[in-house]
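So the protein lines, in turn, are chains A and B.
For the first sequence, the numbering used here begins at 6 and goes up steadily by one.
For the second sequence, the numbering used here begins at 7 and goes up steadily by one.
Quick reminder that beta carbons are idealized off the backbone N, C-alpha and C, glycines included.
The structure presented is a predicted model; accordingly, all values stated were derived computationally and were not measured.
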Amino acid sequence: MPSLAELQLDFAGALTGRAGAGVAFPEDRFAIYRRTGIANYRNAMSATYSVVEQLVGGPFFRAAVDAYTLAHPSVSGDLNVYGGRFGDFLAMYALATRLPYLPDVARLEWAIDESSRAADVSRVPEAVLAALSLVPAERLPAMRLDLDPSCRMLASAWPVLQIWLFHQSDRAEGRAVDLQAGGETILLRRDATGVSMEAIARGDHAWLAALAAGETLGDAIDAAMASDSTFDLGAALRAHIATGTLVAVHAA
Amino acid sequence: MAGLPIAAGIGLRSPHVGEILARRPPIPWLEVHSENYFVDGGPALASLVRVRNDYPVSLHGVGMSLGSVDPLDPSHLAKLRRLIDRIQPAAVSEHLCWSSAGGRHFNDLLPLPYTDEALAHVCARVDAVQEAIGRSLMVENISAYVAFDDDTMTEAEFVAAVARTTGCQLLLDVNNVFVNASNHGFDADAFIGAMPPENVAEIHLAGFDASGPCLIDTHGTPVAAEVWALFARTIDRLGPRPTLIEWDTDIPALAVLEREASTAQAILAAHNAESR
C-alpha cells in the first residue's frame, strides 16, 4: 500500500498534469478537482484584478491566470494573498504587449489589495508635528520618519491611475483617458472608508520611498533632490504629515 | 467561553456584511471563513469586529491543510491565533481534508484515504493545532468525488475515530454526508448513526449540484429536499445542534439565506416540541 505521502504527491501530480503521476480514479470524477482548482484561482484573481480583466476581456484574463498559476503555484492556504506577482508576469506574457500599461495596472491593483489589508495605525498629525518641532536642527538629517503601513507607491510611465479610475463603475461619464498624457507617480493610503490614491510629484515619491525603506531624512532629501531639483522639503513634510502618510518621528 | 447557540445561523459572506451591520437582523449566530480575516488591519476586519459586537461568530477555516503530510504552516496557525484573540469566536473549525503536497498549495478540500496511517496523522495534527491555537478545534467531514482503493475503513469510521481519539468536536455537514452517500454508495443514516453524539457540536447545511458525473458540493443552491429530510432525522437522533446555512457561489440576497435558516430553525424547534 502506498504511504499517505505518496498518495498525496500522486494526487497532486495528477492535478497538475505531471506526466507519470498515477491515480486510478475515474477521469470524469477526478476532473471535478481539476476544474475546481482552476476556478478557485480564476475567481480569486478576478476579485483582485478586476480592471485588468476589464481591459483584456474574460477569455484572455482566464488564460493569463491559468498560465500564471502554472508559473507561480500557490504556496499558502490563504487564497487572499495569492497573485502578487501578476504584474511582473504580465510584463513577460507576450500576448499582453498590445497593452503596454497592463502590467502597471496590475501592480496598482495589487497595491490596492495590499493597502486594504495592512495594519491599522493611529494618525495624529498634530502629535507628529509636535514631535518634529522638538528635534534639534542639527539632528534633523539623522532622524527617520514612519509611513502609515497602508501606504504603497507606484511610479508608472503611463497615466495608470486615470486608466484605473476610468474603469470604476461610479466614474463620471465622458472623458476618455489620454494615453499620451505621460506617466504618473501614485501614493496609496487607506483610511476608515477604504484606499485612497493620489498622484504625487516625482521628488515626493523618491523622498517617501527612501523614508519607507528606513533611510534617514538626510539621505531621503538627497534622493528627492536627485530625482527633482525643485523638491520642497517644508511643503512635503507639511503635506504628508497632514494627510497622515507620515505617522511617527524617530529622532536619531 | 460561550459556545454557539443551539439555533440556525448563517454563513456570513462579504456581500452581506454591510446589510447585517445596517439592519442587524435577528440571526442567532454567524460563521465566517477564517482566512478572509487573516489581515493585519483594514475595513474588512473592522466590520467583523462590529459584527462580533452583536452576534456570536464562528471561525471556519478552509486552508489549514489539516491532513497533509506537509508540515503545518506556522504563519497560518499564528494568523488564526491572532484572529481568535481579536474575535473571541464561539467556535473554531476546519476540514478533514488535505490541500497541499510538496510545498504546493491547491486551495481546495482534497480527500484523505481512510487508513490507519492517515488516521494517526490527522489525530496528531488535530492535537498540534489545538495546542497551537490554545483551544479546541471542531473538524468537519467533506464532500468527495473519488475514493481510494486502499481504504481500510469507512469514512464514518474514520471521522468517528478522529473524534474519539483526539476528543475534538465534530462539525457534521449533513449535505456532505448526503453527497458522499450518493457518490460512494453508502447509507447516509448509517453514517450519521456512527457519529459519537456527544462530539457533534455543529451541523452544516448547503446545496449541491447534480448536473455532473456525481453530486458536487457547490454551496450554490438551496438545501435539497432530501438533505432537509436527512437533517430532520439527524436532529431526531442527536437532538438539536447549532446549525448553519452555507452559500458560497452565486450568493443570493440575505433574505434567501434567512428563509433557509428559518426552515432549519423550524426543524430544530419541532424536535424540541416533540421531546417536551
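query	result
Helix, strand or coil for methionine 201 of chain B per DSSP?	coil
Quick one: what does DSSP say glutamate 161 of chain B is sitting in, helix, strand or coil?	helix
Are there three or more Cβ pairs, one per stretch, closer than 8 Å when the stretch 93-107 of chain B is compared with the stretch 117-135 of chain B?	yes
Against chain B, with Cβ distances strictly below 9 Å, would glutamine 13 of chain A count as a contact?	yes
Measure from the alpha carbon of alanine 48 of chain A to the alpha carbon of each residue in A:Arg194, A:Arg128, A:Trp163, A:Ala68, then state which is nearest.	Residue identity differs from the one stated: residue 48 of chain A is asparagine in this sequence, not alanine. When only C-alpha atoms are compared, the closest one is A:Ala68.
By a C-beta neighbour count over all protein chains shown, 10 Å radius and 16 as the cutoff for buried, is leucine 100 of chain A buried or exposed?	exposed
DSSP state of methionine 127 of chain A, grouped into three classes?	Residue identity check: residue 127 of chain A is serine in the sequence provided, not methionine. Serine 127 of chain A: coil per DSSP, three-state reduction.
With DSSP as the reference, identify every bridge partner of alanine 167 of chain B, one or two as the case may be.	None, per the DSSP bridge assignment.
Whose C-beta lies closer than 7 Å to the C-beta of alanine 215 of chain A among residues of the same chain, with five residues either side of it excluded?	Asp224, Ala225, Ala228
My parser needs the alpha helix (DSSP H) runs of 4 or more residues fully inside the stretch 175-239 of chain B; what are they?	180-190, 194-200
Between proline 80 of chain B and chain A, is any beta-carbon pair separated by less than 9 Å?	no
Does DSSP put asparagine 113 of chain B in a helix, in a strand, or in coil?	strand
Chain A beta carbons: is any one of them nearer than 9 Å to that of aspartate 242 of chain B?	no
Kindly indicate which residue of B:Phe197, B:Gln271, B:Arg141, B:Phe44 has the alpha-carbon position closest to the one of tryptophan 35 of chain B.	B:Gln271
How many Å lie between leucine 65 of chain B and histidine 39 of chain B at the Cα?	6 Å
Is it the case that the stretch 150-168 of chain A contacts the stretch 191-206 of chain A, given that we only count it when at least three CB pairs across the two stretches are under 8 Å?	yes
Smallest Cα separation from serine 53 of chain B: which of A:Ser121, A:Gly82, A:Val56?	A:Ser121
Please state whether DSSP places methionine 6 of chain A in a helix, a strand or coil.	coil
Could you tell me if methionine 259 of chain A is buried or exposed, where buried requires 16 or more neighbouring beta carbons within 10 angstroms of its beta carbon?	Nothing about residue 259 of chain A can be reported from this structure: the residues present for chain A run from 6 to 257 only.
Just how far apart, CA to CA, sit alanine 261 of chain B and aspartate 254 of chain B?	15 Å
Would you say asparagine 182 of chain B faces chain A, with C-beta separation under 9 Å as the test?	no
Leaving out five residues on either side along the sequence, give the residues of the same chain with a beta carbon under 7 Å from the beta carbon of proline 154 of chain A.	Ala123, Ala124, Val126
For threonine 221 of chain A, which option in A:Ser55, A:Val133, A:Met148, A:Gly82 has the closest C-alpha, if you only look at C-alpha atoms?	A:Met148
At which residues does the alpha helix (DSSP H) containing methionine 97 of chain A begin and terminate?	91-97
Residues in the same chain with beta-carbon distance under 6 Å from alanine 136 of chain A, minus the five sequence neighbours each way, listed in chain order, please.	Val254
What residues of chain A sit near glutamate 123 of chain B, judged by a beta carbon separation below 7 Å?	Ser8, Leu9
Are alanine 241 of chain A and glycine 208 of chain A closer than 9 Å when you measure CB to CB?	yes
Using only the alpha-carbon positions, how far apart do proline 77 of chain B and aspartate 155 of chain B sit?	25 Å
Verify the CB distance criterion: does glycine 24 of chain B have a CB-CB separation below 9 Å to chain D?	No chain D appears in this structure, whose protein chains are A and B.
Any Cβ of chain B within less than 9 Å of the Cβ of arginine 194 of chain A?	no
DSSP puts aspartate 196 of chain A in a beta bridge; with which residues?	A:Gly199
Locate the beta strand (DSSP E) running through aspartate 151 of chain A, then write down its first and last residues.	149-152
Would you tell me roughly how many angstroms separate the C-alpha atoms of glycine 69 of chain B and glutamate 41 of chain B, rounded to the nearest one?	7 Å
Compile a chain-ordered list of the residues in the stretch 73-93 of chain A whose CB is closer than 9 Å to at least one CB of chain B.	Pro78, Ser79, Val80, Ser81, Gly82, Asp83, Leu84, Asn85, Val86, Tyr87
Between threonine 21 of chain A and chain B, is any beta-carbon pair separated by less than 9 Å?	yes
Residue ranges of each alpha helix (DSSP H) run of no fewer than 4 residues wholly in the stretch 60-117 of chain A, ordered along the chain?	63-76, 91-97
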